[in-house]
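So the protein lines, in turn, are chains S and R. Under full-length UniProt numbering, the first sequence has 69 at position 69, and the numbering climbs by one with no breaks. Under full-length UniProt numbering, the second sequence has 69 at position 69, and the numbering climbs by one with no breaks. The structure appears below as structure tokens.
There are 2 protein chains.
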Amino acid sequence: MQEPVIGDVWGEMIRDAYAVRTGVGPRPLAGGRVPRPVIEVIERDDGLINGAPADHYLDEPADWQPHDHRALRLCRGQVLDIGTGAGRTAIELQRRGMAVTGLDTSRGAIDIARRRGLRDVVATTIDAYAERAATKYDTFLLLGNNLGLLEGAERAPVFLSALAKLAKPGARIVAQGTDPYGTTDPVHAEYHRRNRERGRIGGQLRLRLRYRRLATEWFDYLNCSPEELARLLDGTRWRLTSIDLDDKPYYLAVMELIESPI
Amino acid sequence: MQEPVIGDVWGEMIRDAYAVRTGVGPRPLAGGRVPRPVIEVIERDDGLINGAPADHYLDEPADWQPHDHRALRLCRGQVLDIGTGAGRTAIELQRRGMAVTGLDTSRGAIDIARRRGLRDVVATTIDAYAERAATKYDTFLLLGNNLGLLEGAERAPVFLSALAKLAKPGARIVAQGTDPYGTTDPVHAEYHRRNRERGRIGGQLRLRLRYRRLATEWFDYLNCSPEELARLLDGTRWRLTSIDLDDKPYYLAVMELIESPI
Numbered sequence: 001m002q003e004p005v006i007g008d009v010w011g012e013m014i015r016d017a018y019a020v021r022t023g024v025g026p027r028p029l030a031g032g033r034v035p036r037p038v039i040e041v042i043e044r045d046d047g048l049i050n051g052a053p054a055d056h057y058l059d060e061p062a063d064w065q066p067h068d069h070r071a072l073r074l075c076r077g078q079v080l081d082i083g084t085g086a087g088r089t090a091i092e093l094q095r096r097g098m099a100v101t102g103l104d105t106s107r108g109a110i111d112i113a114r115r116r117g118l119r120d121v122v123a124t125t126i127d128a129y130a131e132r133a134a135t136k137y138d139t140f141l142l143l144g145n146n147l148g149l150l151e152g153a154e155r156a157p158v159f160l161s162a163l164a165k166l167a168k169p170g171a172r173i174v175a176q177g178t179d180p181y182g183t184t185d186p187v188h189a190e191y192h193r194r195n196r197e198r199g200r201i202g203g204q205l206r207l208r209l210r211y212r213r214l215a216t217e218w219f220d221y222l223n224c225s226p227e228e229l230a231r232l233l234d235g236t237r238w239r240l241t242s243i244d245l246d247d248k249p250y251y252l253a254v255m256e257l258i259e260s261p262i
Numbered sequence: 001m002q003e004p005v006i007g008d009v010w011g012e013m014i015r016d017a018y019a020v021r022t023g024v025g026p027r028p029l030a031g032g033r034v035p036r037p038v039i040e041v042i043e044r045d046d047g048l049i050n051g052a053p054a055d056h057y058l059d060e061p062a063d064w065q066p067h068d069h070r071a072l073r074l075c076r077g078q079v080l081d082i083g084t085g086a087g088r089t090a091i092e093l094q095r096r097g098m099a100v101t102g103l104d105t106s107r108g109a110i111d112i113a114r115r116r117g118l119r120d121v122v123a124t125t126i127d128a129y130a131e132r133a134a135t136k137y138d139t140f141l142l143l144g145n146n147l148g149l150l151e152g153a154e155r156a157p158v159f160l161s162a163l164a165k166l167a168k169p170g171a172r173i174v175a176q177g178t179d180p181y182g183t184t185d186p187v188h189a190e191y192h193r194r195n196r197e198r199g200r201i202g203g204q205l206r207l208r209l210r211y212r213r214l215a216t217e218w219f220d221y222l223n224c225s226p227e228e229l230a231r232l233l234d235g236t237r238w239r240l241t242s243i244d245l246d247d248k249p250y251y252l253a254v255m256e257l258i259e260s261p262i
């Protein structure tokens, strides 16, 4: 059995989802003739696999979840949308006249975001961007569960210090996370337990994405409780200032920059 | 990375799709709280992966594809629905007052078919059933692309002889297949070419299904042209008597039993 090919899973998937939704570009077909829905496949390192329709990455504001709308109301000044994907939220901010940059590591996703009208885009990692960006930001946006990009106890301080480097005084992070511990599903409860045994955070998922013949490398993606998030901020330049729990298990966390001592 | 567990993928998936559709039984949840759609994940041995929503296995006749309706009009007498799954078509035949048995190798799927009201069900392989069944059949139904169960040149005559053993005089097979060769997708064209190089039929797919932590063993599943089907019938007790190509790339094939010489 051949292994999948490492590549821009996210970009290929977003491109196909865009083609299905708009009719622009070749659409994925079953039997060479019948359009098929674009499904994101997520493998976890315990053998769990899940598929999820990818179309929602292109949803217009009318179809968003309520917490996405509340998140946008927390944005101010110059915004960096991290993991912008097809530009779902960044395009809406731009439409509202805000200054927004969309950042994603996927070149294919950035191509689609640009084609959909997002003007200021950058295809790179947050670390590389922090080294070279001339712009500083007032708001860092991590939507679509992108609080997960903190990964775990090792990566979180590095990620957060890149944001601090890109931050104007008084900057904030607006991030949507998921508290995974409300589950009674034994597959997940067991996964959390084994993670903790290995010194990891319970909801520190080890994942790869697959789409058609492509796969990502395996990476960590964090689902954590607000308490765990607060602990991850210890010793960083960010402090947790509010948690919006209205759409449990999803939440919005606001973190604010601690001013450096003069 | 842990491998998935070999198990009744089909049964678990159908059970969850049934729970989502009816609200009966525990539904699969994201984050322990939010219902998630049930997606069938299909891996091919070239590293290709596809997800497809599983809900259509429970579709009512109003939502069927046209060829399913035409297939049911070709049924007569005592019907054996092979790979009945959740009983989608068998239940409709029963409602029309026909005598129908639903057969599936998945115990979980058969449980759901029974719960949905299908009275005559059997959870076994066609081979085992042919050895022990007292009933003989007038029609063998292979819908939902189940012509694929012919697998390839090795399995097809064995499968077809099991059906002949279960057949009344004048029996027919009504099967829905897919002609895969209309594609211009290089991933599929290359797969067909490599199959032929290895002495396999171009559309002889090597697959496994996955759902959550479960996987099937790898198995062959055949997408073939009507011409290839006709060749597979050579030397068997069945001959191809009609092909309905109205819903290309899908087709309905009718095969009739050749009477044994006295």
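Positions of the beta carbon are idealized from the N, C-alpha and C atoms, including for glycine.
Per the DSSP secondary-structure output, T178 of chain R pairs in a beta bridge with R:Y250. Not a single CB atom of chain R sits nearer than 8 Å to the CB of V9 of chain S. For I39 of chain R, the uninterrupted beta strand (DSSP E) segment begins and ends at I39 to R44. For T101 of chain R, the beta-bridge partners assigned by DSSP are R:L80. For L72 of chain S, the closest Cβ of chain R is not nearer than 8 Å. Put simply, the CB of I243 of chain S is far from chain R, with every gap to its CB atoms at 8 Å or more. One thing to note: G83 of chain R has its Cβ within 8 Å of the Cβ of L142 of chain R.
Around L48 of chain S, the beta-carbon contacts reaching into chain R at under 7 Å are R212 and R213.
Annotation: the segment 138-194 of chain S contains the following complete segments of the alpha helix (DSSP H) (minimum length 4 residues), in chain order: 155-165.
Counting only residues of its own chain and dropping the five nearest sequence neighbours on each side, T178 of chain S has a CB closer than 7 Å to the CB of N145, N223, P249 and Y250. Going by C-alpha positions, Q94 of chain S is about 7 Å away from L118 of chain S. Bounds of the beta strand (DSSP E) holding D220 of chain S are F219 to L222. V79 of chain R has a beta carbon lying at 8 Å or more from every beta carbon in chain S. Bounds of the beta strand (DSSP E) holding G51 of chain R are I49 to P53.
Interface residue (Cβ-Cβ distance to chain R less than 8 Å): G23 of chain S is not classified as such.
Nearest C-alpha to V254 of chain S among S:S106, S:E43, S:S242 and S:D246: S:S242.
Residue state for E3 of chain R is assigned as coil, using DSSP reduced to three classes. Taking a contact to require three or more Cβ pairs closer than 8 Å, the segment 159-167 of chain S and the segment 184-196 of chain S do not qualify as touching. At a cut-off of 8 Å, the C-beta of M13 of chain R has no neighbouring C-beta in chain S.
Partner residues in the beta bridge of M255 of chain S, as assigned by DSSP, are S:I173 and S:L240. With fewer than three CB-CB distances shorter than 8 Å, the segment 230-244 of chain R does not count as touching the segment 35-54 of chain R. At a cut-off of 8 Å, the C-beta of V20 of chain R has no neighbouring C-beta in chain S. Setting aside the 5 residues that flank it on each side, V158 of chain S has no residue in the same chain whose C-beta is closer than 6 Å to its C-beta. Membership of L205 of chain R in the beta strand (DSSP E) is indicated by the continuous run Q204 to Y211. Nothing from the UniProt domain "Methyltransferase" (79-170) of chain R brings a Cβ to less than 9 Å from some Cβ of chain S.
Annotation for V9 of chain S: no beta strand (DSSP E) segment contains it, though the alpha helix (DSSP H) segment containing it runs V9 to T22. If you ignore the 5 residues before and after R114 of chain R, its C-beta comes within less than 7 Å of the C-beta of V121, all in its own chain and listed in chain order. A62 of chain S: not part of any alpha helix (DSSP H); DSSP gives it neither H nor E. When only Cα atoms are considered, Y129 of chain S and R96 of chain S end up about 25 Å apart.
With the rule of 3 Cβ pairs closer than 8 Å, the segment 210-219 of chain R does not count as touching the segment 18-26 of chain R. For E43 of chain R, the closest of S:T124, S:D16, S:G77 and S:M1 by C-alpha to C-alpha distance is S:M1. Within chain S, the residues whose beta carbon sits less than 9 Å from that of A52 of chain R are A30, R36, P37, I39 and G51, listed in sequence order.
Going by DSSP, A133 of chain R is part of no beta strand (DSSP E) at all; its letter is neither H nor E.
Look at A90 of chain S here: in three-state DSSP terms it is helix. Rounded to whole angstroms, V187 of chain S and L160 of chain S show a C-alpha spacing of 31 Å. Each residue's CA atom was taken as its position, placing I173 of chain R and E259 of chain R some 14 Å apart.
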